[in-house]
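> My questions will all concern the structure given below.
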Amino acid sequence: MLMFGIDIRHNKDRKVHRKEPKSQDIYLRLLVKLYRFLARRSNAPFNKVVLRRLFMSRTNRPPIAISRLIRKMKLAGRENKTAVVVGTITDDVRIQTLPKLKICALRFTDGARRRILKAGGQVMTFDQLALASPKGHGTVLLSGPRKSREVYRHFGKAPGTPHSHTKYVSAQLWHQALGLTRETRGGGDNHQSSHECIFMLISSSAIP
Numbered sequence: 001m002l003m004f005g006i007d008i009r010h011n012k013d014r015k016v017h018r019k020e021p022k023s024q025d026i027y028l029r030l031l032v033k034l035y036r037f038l039a040r041r042s043n044a045p046f047n048k049v050v051l052r053r054l055f056m057s058r059t060n061r062p063p064i065a066i067s068r069l070i071r072k073m074k075l076a077g078r079e080n081k082t083a084v085v086v087g088t089i090t091d092d093v094r095i096q097t098l099p100k101l102k103i104c105a106l107r108f109t110d111g112a113r114r115r116i117l118k119a120g121g122q123v124m125t126f127d128q129l130a131l132a133s134p135k136g137h138g139t140v141l142l143s144g145p146r147k148s149r150e151v152y153r154h155f156g157k158a159p160g161t162p163h164s165h166t167k168y169v170s171a172q173l174w175h176q177a178l179g180l181t182r183e184t185r186g187g188g189d190n191h192q193s194s195h196e197c198i199f200m201l202i203s204s205s206a207i208p
């Protein structure tokens, strides 16, 4: 009796997720070490989520404005709780008066920090939060709008097709480059690639 092996495809076995941040910021690395310990020893879901978000790239940690944060903290059951954002808190000049808020974040812009403290609120770092609430009790974990970047407007169905709301893709630079390659196409040393022509266009536009 012959026994044959089974050819198993292993090309999809790779787990594509970060196990550490790419940033070499020593303060971020210290926070990762702290919350890795808390996630392992406390077994609290809050610490595991914070640790995973500390690994993320900056595009996946979008900033959140004070206006959005106020709106989220006004929901029922969130009174007197600490808002936790693994990202940046930015100011919003459209908001005239701020309520008293207690916020923990990786970073605050100068305007946001000044207005929160002036309103009688409190700003915290994640090491302070780890001392105050090791398991995340009394906190509300928030994040910014991840898909509000302008590039997402160009994703999706092809522009111009039915029911498509996708923005155009600007091809003006490529058309100019193709025109340059046609003009300079003569064989030999005079031939230039489209990438070289684009570099020439960008360089010439940068010169005042």
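Sequential numbering of the sequence shown, starting at 1, is according to this note's numbering. The C-beta atom is built at its ideal place from N, Cα and C for all residues, glycine as well.
Three Cβ pairs or more, each shorter than 8 Å: is that satisfied between the region 133-141 and the region 89-101?
no
> What is the DSSP secondary structure of Gly144, counted as helix, strand or coil?
coil
> Using alpha carbons as the reference points, say which of Val50, Leu2 and Arg107 lies closest to Ile64.
Arg107
> Since Phe46 is in the beta strand (DSSP E), which residue starts that stretch and which ends it?
Per DSSP, Phe46 belongs to no beta strand (DSSP E); it is in the alpha helix (DSSP H), Pro45 to Phe55.
> Whose C-beta lies closer than 6 Å to the C-beta of Lys167 among residues of the same chain, with five residues either side of it excluded?
Arg153 and His154
> Would you list the one or two residues that DSSP bridges to Met3?
In the DSSP output, where bridge partners are listed per residue, Met3 has none listed.
> Is Asn43 buried or exposed, if buried means 16 or more other CB atoms sit within 10 Å of its CB?
With fewer than 16 neighbouring CB atoms inside 10 Å of its own CB, Asn43 falls in the exposed class.
> Tell me which residues share the same chain as Gly138 and place their Cβ nearer than 7 Å to its Cβ, disregarding the 5 neighbours each side in the sequence.
In chain order, Lys81 and Thr82 place their CB closer than 7 Å to the CB of Gly138, counting only its own chain and leaving out the 5 sequence neighbours on each side.
> Go ahead and pull the three-state DSSP assignment for Val85.
strand
> What separation, rounded to the nearest whole angstrom, lies between the Cα atoms of Phe55 and Asp25?
12 Å
> In this structure, how does DSSP classify Ala112 when only helix, strand and coil are distinguished?
helix
> Which same chain residues, not among the five before or five after Val169, have their C-beta less than 8 Å away from its C-beta?
His154 and Pro159
> Arg31 to Val123, Cα distance in whole Å?
For the record, residue 31 in the displayed sequence is Leu; it is not Arg. Whole-angstrom Cα-Cα distance: 17 Å.
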